[in-house]
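Read through the structure below, which is laid out as structure tokens, and then see the notes.
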Amino acid sequence: MWRRSFRSATTAGSTSVLKNQKWDALVIGGGHNGLTAAAYLARGGLSVAVLERRHVLGGAAVTEEIIPGFKFSRCSYLQSLLRPSVIKELELARHGLKLLKRNPSSFTPCLDGRYLLLGPNKDLNYSEISKFSKRDADAYTRYEAQLERFCKFMDILLDSPTPETMHGVSSLKYRLEDKLEKSAFWAKCLRSALSLGQKDLVDFMDLLFSPASKVLNNWFEGDVLKATLATDAIIGSVASVHTPGSGYVLLHHVMGETDGDRGIWSYVEGGMGSVSMAIANAARDAGAHIITNAEVSECMIEDSGRVKGVRLVDGTCVQASTVLSNATPYKTFMELLPHDILPDEFLRAIKHIDYRSATTKINLAVEKVPQFPCCNLSPSESRHQLVGTIHIGAESMEEIDSACQDAVNGIPSRRPIIEMTIPSILDQTISPPGKHVINLFIQYTPYKPSDGSWEDPVYRESFAQRCFSLIDEYAPGFSSSIIGYDMLTPPDLEREIGLTGGNIFHGAMGLDSLFLLRPVKGWSNYRSPVKGLYLCGSGSHPGGGVMGAPGRNAANLVLQDLNRQLS
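Numbered according to this note's numbering, the sequence shown spans residues 12 to 578.
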């Protein structure tokens with residue numbers, strides 16, 4: 012169907028191979044979505060090159076050895092949302108992806124000596140929640156079952172492009188095909204909605220529009236359980252648990268899956284970069300070229316207004332009929348394109364996407380795993396509790412809201428909300444024997460704090476020590492075990508990883524920024540006002556997380572568009 016000029020691929024920094032031909036498609040950015048798009052395009056017969064700015068692939072799904080012997084998942088740190096269709100169709104297991112299931116998956120220690128464990132074992136969940144409330148233990152099974160029903164409804168939306176309004180003049184045949192596709196999509200949604208039933212539909216609407224605090228208060232009475240679940244609703248956002256619409260993100264508790272088991276989050280052997288490398292291997296196997304140290308400075312546009320390739324920062328011009336951008340919407344349209352070729356309304360909408368971030372990631376190399384006195388177990392026994400996410404400083408929703416209010420007032424949280432994970436307990440490949448890697452995902456940290464600057468080493472160190480001291484309250488002696496650490500604040504995430512504003516989702520995931528409204532109204536189906544230029548990153552539908560859906564959906568749409576041009 013489409014030519015493929017090469018059967019093998021290079022990851023060398025040299026860009027000389029790029030000059031030798033006009034490519035069918037270029038992908039800006041070697042994050043997991045860009046690599047996913049490249050794999051599907053190459054499998055569709057196109058000649059494809061991926062251009063990655065950094066020396067390493069993966070974007071935010073990356074593994075780096077910052078401290079000798081310790082391999083950090085520098086940004087994303089857990090896998091569950093990667094679409095089953097991507098895993099199966101790209102044969103990622105064959106290409107090196109190995110998932111390490113966590114059981115239990117959640118551990119919340121309390122300063123009063125209690126603790127809460129949660130995981131895939133329903134008997135364990137009932138026993139653990141009963142320590143706090145028998146009523147909540149009875150309700151929890153129903154809560155998870157309802158969320159699972161909602162997620163099955165959501166699956167339809169995740170794996171398909173949005174039914175966006177057509178732009179430009181098209182043939183009668185194309186218009187009829189488009190109407191049939193939209194009708195089929197909405198019919199499928201209607202059938203799925205009817206299968207839920209009216210009660211579940213009303214509850215689903217309540218979940219979408221309500222604050223997480225309202226949803227959880229209606230289900231449960233125990234503070235520790237509610238706070239543990241509420242962390243799912245605020246991860247990566249600037250929102251409070253009391254923010255309307257934050258209830259939607261509670262679906263992430265069960266939205267993903269591992270090996271067919273719904274709601275199971277896993278580590279990835281070798282770190283999250285192994286996800287990106289498996290996808291890259293699939294792309295190479297299909298014939299795609301992947302070039303690192305190849306930063307794009309601008310998209311090149313023909314006089315007709317159609318994209319014709321890109322120019323790299325070293326001046327290299329790379330010709331292509333189609334360009335897909337895995338960069339953020341802001342980077343793509345505000346920095347890589349001349350503004351005079353884009354509609355003013357579109358530019359304003361892109362500029363005013365909510366790119367705010369209150370997230371900091373600290374990756375640590377430690378001598379030993381932390382010991383939590385509330386467990387009262389030996390070091391070997393306590394590791395069972397520590398395979399999951401450890402929630403620090405979140406014993407009530409009020410504590411979470413208080414931490415958020417500090418950021419609203421311009422300062423990093425005085426008592427931050429910390430999600431700690433210790434992947435080296437299950438993954439022996441990422442740390443020296445006997446030593447461990449610890450990830451801290453921390454909120455809330457404003458991009459521009461009013462009481463200092465993240466560029467000030469003293470200020471940075473002060474906040475890091477604040478986090479370590481908070482962990483010491485729960486696990487005495489933790490700080491003394493630290494060998495070294497790597498810290499990424501919102502400006503660091505923007506500068507190093509390319510995340511505008513430090514937002515890990517390429518833009519907020521509020522209800523005003525999802526589905527037909529992502530990235531902006533009227534342009535939700537990966538196409539752009541520039542002919543031949545598409546978005547394929549987390550800033551497009553269905554959004555952020557290591558999902559692969561934007562890359563897969565965008566690539567399939569590109570192939571569809573190219574086939575229509577030939578017919």
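For each residue, glycine too, the CB sits at the ideal point set by N, CA and C.
Problem set entry | Cβ-Cβ distance between Y470 and G463 below 7 Å | Taking the first residue of the sequence shown as 1, we reach residue 470 at position 459. Taking the first residue of the sequence shown as 1, we reach residue 463 at position 452. Cβ atoms of Y470 and G463: closer than 7 Å.
Problem set entry | When G548, A294, D438 and E280 are compared against E102, the one with the closest alpha-carbon | What you label residue 102 is simply residue 91 of the sequence shown in a count that begins at 1. Here the closest residue by C-alpha is A294.
Problem set entry | the region 466 to 480 contacting the region 382 to 399, beta-carbon criterion three pairs below 8 Å | no
For this session: Taking D523 as the reference, give the member of Y341, H363 and R202 with the closest Cα.
Result: Position 512 of the sequence shown, counted from the first residue, corresponds to residue 523. Of the listed residues, the one whose Cα sits closest to D523 is H363.
Problem set entry | Separation of L219 from L623, as counted between CA atoms | Residue 623 falls outside the range modelled here, since the chain spans only 12 to 578, and no answer is possible.
Exercise. From this set, S332, Y545 and K193, which residue's C-alpha is nearest A48's C-alpha?
Worked result: As a first step, residue 48 is located in the sequence shown; it is residue number 37 there, counting from the start. If we check each option's Cα against that of A48, Y545 comes out closest.
For this session: Under the assumption that I508 contacts C86 (Cβ atoms under 8 Å), give the Cβ distance between them as a whole number of angstroms.
Result: Translated into positions along the sequence shown, residue 508 becomes position 497. Translated into positions along the sequence shown, residue 86 becomes position 75. The Cβ separation is near 6 Å, so the contact holds.
For this session: With DSSP collapsed to three states, give me the class of C162.
Result: Translated into the one-based positions of the sequence shown, residue 162 becomes position 151. It is helical.
For this session: Specify whether the region 360 to 374 and the region 527 to 539 touch according to this definition: at least 3 beta carbon pairs, one from each stretch, less than 8 Å apart.
Result: yes
For this session: Quick one: residues in its chain with C-beta nearer than 8 Å to the C-beta of A20, no 5 flanking neighbours on either side, listed in chain order?
Result: Along the sequence shown, read from residue 1 onward, the residue named residue 20 stands at position 9. Model confidence at A20 stands at a pLDDT of 46, short of 50, so the residue's coordinates are unreliable; what they give is reported in the following sentence. Same-chain partners within the cutoff: A294, R295, G298, A299, H300 and I301.
Exercise. Between which two residues does the alpha helix (DSSP H) containing G74 stretch?
Worked result: Against the sequence shown, residue 74 aligns to sequence position 63. Checking the displayed sequence, the identity of residue 74 turns out to be Thr instead of Gly. Taken as a continuous stretch (DSSP letters only), T74 belongs to no alpha helix (DSSP H), being part of the beta strand (DSSP E) at T74 to I78.
Exercise. Using 8 Å as the Cβ pair cut-off and three pairs as the minimum, do the region 236 to 244 and the region 273 to 285 touch?
Worked result: no
Problem set entry | Inside the region 441 to 501 only - alpha helix (DSSP H) runs reaching at least 4 residues | 468 to 485
Exercise. Are the beta-carbon atoms belonging to L207 and K372 less than 7 Å from one another?
Worked result: Numbered from its first residue, the sequence shown carries residue 207 at position 196. Numbered from its first residue, the sequence shown carries residue 372 at position 361. Taking 7 Å as the Cβ cut-off, L207 and K372 do not qualify as a contacting pair.
Exercise. Alpha carbon to alpha carbon, what distance is there between K33 and A60?
Worked result: The sequence position of residue 60 within the sequence shown is 49, counting from 1. The sequence position of residue 33 within the sequence shown is 22, counting from 1. Looking at the two C-alpha atoms, the distance is approximately 10 Å.
For this session: Enumerate in chain order the residues of its own chain whose CB-to-CB distance from G24 is below 8 Å, with the five nearest sequence positions on each side excluded.
Result: For this step, residue 24 is matched to residue 13 along the sequence shown. Caution applies to G24, whose pLDDT of 47 falls short of 50 and renders its modelled position unreliable; the model cannot decide the point.
Exercise. By a C-beta neighbour count over all protein chains shown, 10 Å radius and 16 as the cutoff for buried, is L262 buried or exposed?
Worked result: The count along the sequence shown starts at 1 and reaches residue 262 at position 251. Burial call: buried.
Problem set entry | Buried/exposed call for Q576, threshold 16 Cβ in 10 Å | Counted from its first residue, the sequence shown places residue 576 at position 565. With fewer than 16 Cβ atoms within 10 Å of its Cβ, Q576 is classed as exposed.
For this session: Give the single residue among R64, Y51, A71 and S393 whose Cα lies nearest to the Cα of I98.
Result: Taking the first residue of the sequence shown as 1, we reach residue 98 at position 87. When each option's Cα is compared against that of I98, the closest is Y51.
Exercise. What do you get for W197, buried or exposed, if any count of 16 or more other CB atoms within 10 angstroms of its CB means buried?
Worked result: By 1-based counting over the sequence shown, the position of residue 197 is 186. Per the 10 Å Cβ criterion, exposed.
Problem set entry | Between the CA atoms of L110 and N574 - distance to the nearest angstrom | Counting from 1 along the sequence shown, the entry for residue 574 is found at position 563. Counting from 1 along the sequence shown, the entry for residue 110 is found at position 99. Looking at the two C-alpha atoms, the distance is approximately 36 Å.
For this session: Alpha carbon to alpha carbon, how far is S442 from F83? Give it in angstroms, no decimals.
Result: Walking along the sequence shown from the start, residue 83 turns up at place 72. Walking along the sequence shown from the start, residue 442 turns up at place 431. Each residue's alpha carbon lies about 9 Å from the other.
For this session: Give me whichever residues DSSP pairs with W34 in a beta bridge.
Result: Here residue 34 is taken as the residue at index 23 of the sequence shown, counted from 1. Its beta-bridge partners are A331.
Exercise. Are the Cβ atoms of V377 and I449 separated by less than 7 Å?
Worked result: On the sequence shown, position 366 is the one that residue 377 refers to. On the sequence shown, position 438 is the one that residue 449 refers to. Going by C-beta atoms, V377 is nearer than 7 Å to I449.
Exercise. Under 7 Å, do H43 and V557 count as touching if we go by C-beta distance?
Worked result: The count along the sequence shown starts at 1 and reaches residue 43 at position 32. The count along the sequence shown starts at 1 and reaches residue 557 at position 546. In this structure, V557 lies closer than 7 Å to H43 by Cβ.
Exercise. Which runs of the alpha helix (DSSP H), 4 residues or longer, sit entirely within the region 235 to 282?
Worked result: 263 to 266
For this session: Using the DSSP secondary-structure output, state which residues sit across from G69 in a beta bridge.
Result: For the purposes of this step, residue 69 is taken as the residue at position 58 of the sequence shown. Partner(s): G42.
Problem set entry | According to DSSP, residues forming a beta bridge with V318 | Taking the first residue of the sequence shown as position 1, residue 318 is located at position 307. Paired residues: I312.
Exercise. According to DSSP, is M520 helix, strand or coil?
Worked result: In the sequence shown, the residue the question calls residue 520 occupies position 509. If DSSP states are grouped into helix, strand and coil, M520 belongs with coil.
Exercise. Given A148, which residues of its chain have a CB within under 6 Å of its CB, disregarding the five upstream and five downstream residues?
Worked result: The residue you call residue 148 lines up with position 137 of the sequence shown. So the list reads Y137, I140 and S141, once near-sequence residues are dropped.
Problem set entry | Residue nearest to R477 in terms of C-alpha spacing, selected from S435, G267, L504 and I428 | Against the sequence shown, residue 477 aligns to sequence position 466. Nearest option by C-alpha distance: I428.
Problem set entry | Simplified DSSP state of I364, which is helix, strand or coil | In the sequence shown, residue 364 corresponds to position 353, counting from 1. I364: coil per DSSP, three-state reduction.
For this session: Assign R425 to one of two classes, buried (16 or more other C-beta atoms within 10 Å of its C-beta) or exposed (fewer than that).
Result: Within the sequence shown, residue 425 is the residue found at index 414, counting from 1. Exposed.
Exercise. Among D234, E76, V324 and S171, which has the Cα closest to the Cα of R125?
Worked result: For the purposes of this step, residue 125 is taken as the residue at position 114 of the sequence shown. Of the listed residues, the one whose Cα sits closest to R125 is D234.
Exercise. Sorted by chain position, which residues of the same chain lie with C-beta nearer than 8 Å to G80's C-beta, five sequence neighbours on each side aside?
Worked result: What you label residue 80 is simply residue 69 of the sequence shown in a count that begins at 1. Same-chain partners within the cutoff: A376, S442, P443 and K446.
Exercise. Which value, in whole angstroms, describes the spacing of the CA atoms of T339 and A560?
Worked result: By one-based count along the sequence shown, residue 339 stands at place 328. By one-based count along the sequence shown, residue 560 stands at place 549. Going by the C-alpha atoms only, they are around 15 Å apart.
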